[in-house]
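In our numbering, the protein residues as written are 281 to 365. All residues carry an ideal CB built from backbone N, CA and C; glycine is no exception. Take a look at the structure set out below.
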């Protein structure tokens, strides 16, 4: 129900109700399976914002557009920690 609600809201807002499921890893490395691996991969690649469960991490200097910020705030209800890295 939560994923459907998220995709429905995103679709209404953008006209693109799509979920792209891709692996989270850097070429030549295994797929991320632990939080520390995810954070390390996040720091080394071109991702500006990482949402992992209730935690949101954004790189310093990253400027996600307003709609992304609103989407993350909506989809991350109950965020435990957030901040720039």
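Under the 10 Å beta carbon count, residue 336 is surrounded by 16 or more other beta carbons and is classified as buried.
A distance below 7 angstroms between beta-carbons, with the five flanking residues on each side excluded, links residue 284 to no residue of its chain. The continuous beta strand (DSSP E) containing residue 332 extends over residues 329–332. In the three-state DSSP reduction, residue 335 falls in the strand class (E or B). In the DSSP assignment, residue 322 falls within the unbroken alpha helix (DSSP H) covering 315–324. Only residues of its own chain outside the window of five on either side were considered, and among them 287 have a CB closer than 7 angstroms to the CB of residue 299, listed in chain order.
Assigned with DSSP and collapsed to three states, residue 291 falls in helix.
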